[in-house]
Structures are given as C-alpha cells and as structure tokens.
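2 protein chains.
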Amino acid sequence: MRIEDEIKQPIFRDEYQKAIINLVYTTGWLQLRQATAFKAFGLTLPQFNILRILRGQHPLPATVALLIDRMLDKTSNASRIVDRLEEKKLVTRTVCPANRRAVDIRITPAGLELLQQMEDSGVLDDALPKGISEDEARQLNALLDKIRTEDGATPGTPSCE
Amino acid sequence: MRIEDEIKQPIFRDEYQKAIINLVYTTGWLQLRQATAFKAFGLTLPQFNILRILRGQHPLPATVALLIDRMLDKTSNASRIVDRLEEKKLVTRTVCPANRRAVDIRITPAGLELLQQMEDSGVLDDALPKGISEDEARQLNALLDKIRTEDGATPGTPSCE
DNA sequence: ACAAATATAATGTACCTACATTTAATGTCA
DNA sequence: TGACATTAAATGTAGGTACATTATATTTGT
Chain A
1 MRIEDEIKQP IFRDEYQKAI INLVYTTGWL QLRQATAFKA FGLTLPQFNI LRILRGQHPL
61 PATVALLIDR MLDKTSNASR IVDRLEEKKL VTRTVCPANR RAVDIRITPA GLELLQQMED
121 SGVLDDALPK GISEDEARQL NALLDKIRTE DGATPGTPSC E
Chain B
1 MRIEDEIKQP IFRDEYQKAI INLVYTTGWL QLRQATAFKA FGLTLPQFNI LRILRGQHPL
61 PATVALLIDR MLDKTSNASR IVDRLEEKKL VTRTVCPANR RAVDIRITPA GLELLQQMED
121 SGVLDDALPK GISEDEARQL NALLDKIRTE DGATPGTPSC E
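Residue numbers (UniProt numbering), protein chains in the order written: chain A, 1 to 161; chain B, 1 to 161.
What follows is the structure in structure tokens.
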C-alpha cells in the first residue's frame, strides 16, 4: 500500500516531504512488528539492543558510556534500561574497581540463554519482511547513508538553523 | 558516514539486517533534527502533526478518531496530545452536538498563525537534508512502500513502480 | 596537598508510545 | 421499554526519549 493511502494524504509538497513521512511511517511499522514479536520474550527493543551489545563484549564488562556509544539512540537513557535488565537478572552491575566512577555491566548466563532462545525461535529472521530483494536492500542502505551526509556540518550534530 | 561506522558495528548478518538498523538510525536522526528545530516554536513532532491535520480540516472540526486515522503513529494517544495543544490555546475542544460521545476539535487562529510562522521561518524546508536528489527520493519511496507489502499479500499483485 | 575542573553515572521532569480498562452516549432488539 | 452491545473518548500503567541537574570519584593546576 502506498504511503498516500496509508495516511490518506493524497498530495505531498514534493518527493522529499513524502520520503520523510514514508521513512517515519515505515520505520514505525517495522519497529511495532518487532516489538510485538519480542514481547513473548519479555524484552523491549532497547533492552534487546543493550543485551546484544553486552553479549558482544562478553566476558568483558561494558560501562554505561560504552553502551551509549554503541546504541542506535544516543540520547536514550541507558542507565534506566539497564535498571530493567538488572531487575530481570539478565545483567549485573558492579562498581568498576579500577575507576570507581564507572560501573561494570555484564550479561548473565540467563541473559545469554535468552538471546540464544530468541535466535533459535527465528523471531529475528523476519525483522525485515521479504518484500525487497537483497540488492534492493543494498540500494536502500546506500540512500540512507547518503541522506545523513550533511552538506557542511559536523555529522550527528543537528544544526537546526 | 556509513552506518557501520556510526554505531561501530563492522559486520552485519546480511543487507537486510543492515537495512533495518540503518532505517531506525537514520529516521531517528532525522526526527531528532526536526524536533530540535521545532522546539523554538514550542511544539513536539506529534503536536505539529496533529495541528497540521486540523488545519487541513479547517474550518470543519475533527474528532479524535479522525486524527488517529490520519496520524503516522496509529497507536499514539491523540487525546493526550490534544490536551497539550488545548493548554497552549492552539486548539479547542467542544462536545459534538450531533453525537455527544464525540468531541469536535478545531484549530484556533493562534494555531493557524503558529503554523504559518513555522512555514515562513523555513524550518520545514530542510527536514530532509539535500544529500539525495529528487529522483533518489522517489526511489526511496518506492523501496519503502515495497517493504510494507506484507509477505502474505495477494499473489500476482504487480508492485509496479 | 588541595581547590577547581572534569568524568561518570544516576536522577528529575516533561512528553511520548503501547496497550488495557473505564466512562459515558448511542444503537439494537426481544 | 429495558437489557445488552457498540462506539467515542478519556484514563491508568509500564516503559522509552530528550534534556537538565545532581552526586561522586578522579584528574589537574598551582
């Protein structure tokens, strides 16, 4: 279904405006699908992402700063997401002995087990429905990377004026 | 900057996984830019979107149900977003006389004025930075529409672009 | 050594989404 | 008519984002 019909707006100013709305709508649609599938495992998307980063570090610990650096959403509050994972015994938090300001965060065996279960279940496989080919996915990646290349400004800094 | 470098993950399972992550990252990046720019006008993105829908209806009223139907995020709580707009005197809420269950929501002159100001300021113009051409934006729209075509959809539906 | 600066995480607040439940008005129909 | 279903919006709750502030620990400059 075309975006025009999804949100019942027949006219857009131009292809750019349509592309923005399409990006927001389509990404939201994908994330809702994924979040719904994750619910069976008791995880939200940000919780899953942090757990995966921790597995990537394992058996080394990660700090909150490292999590933020690796996260998709840099401004999200890693600290509070770790709170939820700790409550569920999927991670541990200990003061870093070498630098008592920092906190060592580690995935637990239960956390590793949960990620393995999710992989085995195939829930991760149809994150992107197969409406597009691998080659089209490649085109999409190229276009998205291109969008983010700021003309002159420092990347990542939303220079709004 | 390529998505690999943005989130410091050199390897992806395939182009599909990379595309998902790229979509989430890029859309988040765009929305943060836009939200930052809107802050000067005291509006959040959902508030702005609802205000625009109301202007589209003006001088007719809209109901909450109509707003949800037109919104990008169908599951968001239009009622509470309207609360905020009402506090700012940008919209009015009156019980619909023809159907006392429904509520007539209307944009106020102040709301119309604010939208006009935002347009005049050019804040809406660089929502999508000009890293891509109009033709590439068209390709992007086609790819996004294609992603959302559900796998189980009627076979033989030629998704012709 | 010690005051000031900096680093690191946690916390507070406003607003948002997702989803279940509630309240009230209207429609249906025996 | 009166019981029941349906519709429209509001509300409750859990979790997330954005951003400012705070609490400690460490580093730095003199």
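Even glycine gets a Cβ: it sits at the ideal position worked out from N, Cα and C.
*asked:* Out of A:Ser76, A:Thr63, A:Ile7, which one is the CA nearest neighbour of Ile68 of chain B?
replied: A:Ile7
*For Asp104 of chain B, which residues does DSSP report across the bridge?*
B:Thr94
*Between Asn77 of chain A and chain B, is there a C-beta pair that is closer than 8 angstroms?*
no
*Does any residue of chain B bring its CB to less than 8 angstroms from the CB of Glu15 of chain A?*
yes
*Report the residue ranges of all alpha helix (DSSP H) runs contained in full by the stretch 108–133 of chain A; include only those spanning at least 4 residues, in chain order.*
109–121
*By Cβ distance, which residues of its chain are closer than 7 angstroms to Thr108 of chain A, with the 5 residues on each side in sequence left out?*
Lys89, Leu90, Val91, Thr92
*Leaving aside the five residues before and after Val95 of chain A along the sequence, list all residues of the same chain whose C-beta is less than 7 angstroms from its C-beta, in chain order.*
Val103
*Beta bridge counterpart(s) of Ala62 of chain B as assigned by DSSP*: B:Ile105
*Where Pro61 of chain A and Thr149 of chain A are concerned, what is the direct C-alpha to C-alpha distance, given to the nearest angstrom?*
When rounded, the separation of the alpha-carbon atoms in Pro61 of chain A and Thr149 of chain A is 33 angstroms.
*Gln116 of chain B burial status per 10 Å Cβ neighbour count (16 or more: buried)*: By the 10 Å Cβ count, Gln116 of chain B comes out exposed.
_Rounded to the nearest angstrom, what separates Ile53 of chain B and Asn77 of chain B at their Cα positions?_
15 angstroms
*asked:* If I measure Cβ to Cβ from Ile81 of chain B and keep anything under 7 angstroms in the same chain, skipping five residues before and after, which residues do I get?
replied: Pro46, Gln47, Ile50
*Does the separation of the CB atoms of Gln139 of chain B and Leu143 of chain A fall below 8 angstroms?*
Remark: C-beta atoms of Gln139 of chain B and Leu143 of chain A approach each other more closely than 8 angstroms.
*Would you identify the three-state DSSP class for Phe38 of chain A, choosing helix, strand or coil?*
helix
*asked:* Alpha carbons only, please: which of B:Phe12, B:Glu119, B:Asp125, B:Leu72 is nearest the one belonging to Gln17 of chain A?
replied: B:Asp125
*asked:* Quick check on DSSP: helix, strand or coil for Pro10 of chain B?
replied: It is coil, neither helix nor strand.
*First through last residue of the alpha helix (DSSP H) which encompasses Ser51 of chain B*: The sequence shown places Leu at residue 51 of chain B, rather than the Ser named in the question. Its alpha helix (DSSP H) spans residues 45–57.
*How about Leu60 of chain B: is its C-beta nearer than 8 angstroms to some C-beta of chain A?*
no
*Among residues of its own chain, excluding the 5 on either side of Arg55 of chain A, which ones have a beta-carbon nearer than 7 angstroms to its beta-carbon?*
Ile107, Leu112, Leu115
*Tyr25 of chain A versus Tyr25 of chain B: straight-line alpha-carbon distance, rounded*: 14 angstroms
*How long is the line joining the alpha carbons of Met118 of chain B and Ile132 of chain B, rounded to whole angstroms?*
24 angstroms
_Give me the residue from B:Lys74, B:Phe12, B:Leu66 with the minimum Cα distance to Ala137 of chain A._
Taking only the C-alpha atoms, the option nearest Ala137 of chain A is B:Phe12.
*Please decide whether Arg138 of chain A counts as near chain B, where near means a Cβ-Cβ distance under 8 angstroms.*
yes
*Could you give the residue range of the alpha helix (DSSP H) that holds Leu85 of chain B?*
78–87
*Mapping DSSP to helix, strand and coil, what is Asp145 of chain A?*
The answer is helix: DSSP assigns Asp145 of chain A an H, G or I state.
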